[in-house]
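Report on one structure; see the data block that follows.
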Amino acid sequence: MKNGTLMEEDINLLDRFAAGDREAFNDLVRKYQKPLYSLLFRMVSDHDDAADLLQKTLVKAFTGAGGFERRSSFKTWLYQIAINLAKNLYRDRARLAQVPIDDVVISRDPGTVDALIRKQARQRLHQAMVDLPEKQRLTVMLRVQQQKSFAEISAILGCSLGTAKANYHHGVRKLKVSLADAVAVPEKEE
Amino acid sequence: MTCTNTHLREMLPSFLEGSLDAEGMALVRGHIARCSECSDELELLGMMSDEQVPDPGEAFWAALPDRVYRETQRTLAEKRTRSGWLREWWSGMPVRGAIAFAMIVLVSLVLLRPAHRIQPETTGRIGDTTLEDLYDGPAAVADLGPSDITLLNDWLEREITVLRQDLGRTAISANGFGRTLDEDLSTMDREELDDLVAELSRKQEV
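So the sequences go chain by chain: A and B. The numbers in our numbering rise by one with no breaks, and the one at position 95 of the first sequence is 93. The numbers in our numbering rise by one with no breaks, and the one at position 144 of the second sequence is 180.
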């Protein structure tokens, strides 16, 4: 019901924007700019790239609003556009740099470590995320860092609910194993 | 030991957000107290969700709607220009197509037209119709219909009349009268008329 209301609210704003209501446009942008930026930053780990992708996502959504079929929510549509644009960025950069995609994705140091003691663990976590297959990585990211439900994730990534859950479980299990291995290796060396 | 309670594990991110209802929160809290695996998983998820995304600042957020709006309008204007040109081009297509088709047909007719036929010397006409219009090449009389016969008969009558007139003129001129049948016979005197009748009778006998 809550989702239904949100969908109706977005559709109403979209219709008002189509009728020339500038304030409706501003409301939609303000509503989604922060969650989208957060998702994009987590995917590209760079403010300039995230800001650029954010603008492109919103422009693409509004200029292609006529093609939005309203079967899913506007929010889901925005996330699909953002993820596809970010994937394209990875691929373009990977092609130019001739390095594997996974080396580009989430490979930079976030630079915002809030506690020195957790820095190493975070780096391991980053590396473990990089090592995940793309769909598992996106699913874990959307579920844990974007607080999306499995139903939303399945709509955004275009897969079934079961696949979304399976990707999440496999992803989390691999992260745990990777982190455990990372801890275990230095102990053996000692 | 691996925890098989997948339903509860799926609830961990919601537990972390605090978005579960009181019953759900209590259920997860009770489970993680007993299950080390889910407890570890919750710690891992907590580490991931704690990762801060730097805030670009209020100025960035405040300026974004305007920036996106300008870019949206510019892109829409470009799209309209493109689609307007395309529509104009497309709407002219039937006219252009018809003209092109007509030209192709015209050129084809000129190039593929059969060689000009040699016209027969006969120029006899039946009304406005020539014999060449009626019959393309020799035709057997047996093939002609009643209307064809009538047309042909009319043509022959005209031709014979013309020939008779020519013949009469020739005969009269050759006879030294210095008069033709075109002239008004009322101007002839009796003797001239007698001579003319006699000459015609003779010609008829011949």
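The C-beta atom is built at its ideal place from N, Cα and C for all residues, glycine as well.
Secondary structure at residue i, three-state DSSP: helix, strand or coil?
i	result
D44 (chain A)	coil
N86 (chain A)	helix
S36 (chain A)	helix
E67 (chain A)	coil
K163 (chain A)	helix
L56 (chain B)	coil
S105 (chain A)	For S105 (chain A), the predicted model reports a pLDDT of 42, less than 50, meaning its position is unreliable; a value from the coordinates is still stated below. The answer is coil: DSSP assigns S105 (chain A) none of H, G, I, E or B.
D230 (chain B)	helix
Q96 (chain A)	With a pLDDT of 45 at Q96 (chain A), under the threshold of 50, the predicted position of this residue should be treated as unreliable, and no value is reported.
N41 (chain B)	coil
K29 (chain A)	helix
R200 (chain B)	helix
L188 (chain B)	helix
K133 (chain A)	helix
S183 (chain B)	helix
R132 (chain B)	helix
E188 (chain A)	Because E188 (chain A) carries a pLDDT of 38, less than 50, the predicted location of this residue cannot be relied on, and the following value inherits that uncertainty. Coil.
A113 (chain B)	helix
M61 (chain B)	helix
D8 (chain A)	helix
M139 (chain A)	helix
D225 (chain B)	coil
G62 (chain A)	coil
R149 (chain B)	coil
S147 (chain A)	coil
S50 (chain B)	helix
S152 (chain A)	helix
G66 (chain B)	helix
Q18 (chain A)	The sequence as given places Gly at residue 18 (chain A); Gln does not occur at that position. Residue state, collapsed to three classes: coil.
S237 (chain B)	helix
S176 (chain A)	helix
S158 (chain A)	coil
Below 8 Å between beta carbons: does that hold for residue i and residue j?
i	j	result
E150 (chain A)	T55 (chain A)	no
Y166 (chain A)	R141 (chain A)	yes
W121 (chain B)	Q31 (chain A)	no
R110 (chain B)	Q53 (chain A)	no
L155 (chain A)	K133 (chain A)	yes
V89 (chain B)	S36 (chain A)	yes
V170 (chain A)	E114 (chain B)	no
D44 (chain A)	L26 (chain A)	no
M83 (chain B)	V64 (chain B)	no
A80 (chain A)	L11 (chain A)	no
S50 (chain B)	L56 (chain B)	yes
L123 (chain A)	L38 (chain A)	no
P101 (chain B)	R28 (chain A)	yes
A59 (chain A)	P92 (chain B)	no
T40 (chain B)	T61 (chain A)	no
F193 (chain A)	Y105 (chain B)	As shown, chain A starts at -1 and ends at 188. That puts residue 193 (chain A) outside it, with no answer to give.
Using 8 Å for Cβ pairs, my map puts residue i next to residue j. What's the rounded Cβ distance?
i	j	result
S85 (chain B)	L52 (chain B)	6 Å
L51 (chain A)	A84 (chain A)	6 Å
S152 (chain A)	T161 (chain A)	7 Å
D47 (chain A)	L87 (chain A)	7 Å
E87 (chain B)	R120 (chain A)	7 Å
L180 (chain B)	L188 (chain B)	7 Å
E73 (chain B)	T38 (chain B)	7 Å
M5 (chain A)	S71 (chain A)	5 Å
R20 (chain A)	Q143 (chain A)	32 Å between Cβ atoms; not a contact.
Using beta carbons (cut-off 8 Å, strictly below), is residue i in contact with chain E?
i	result
R14 (chain A)	Structure shown: chain E not included; protein chains present are A and B.
(request) Only counting runs of 4 or more residues, tell me where the alpha helix (DSSP H) segments fall wholly within the segment 72 to 106 of chain B, in order along the chain. (result) Runs found: 72 to 86.
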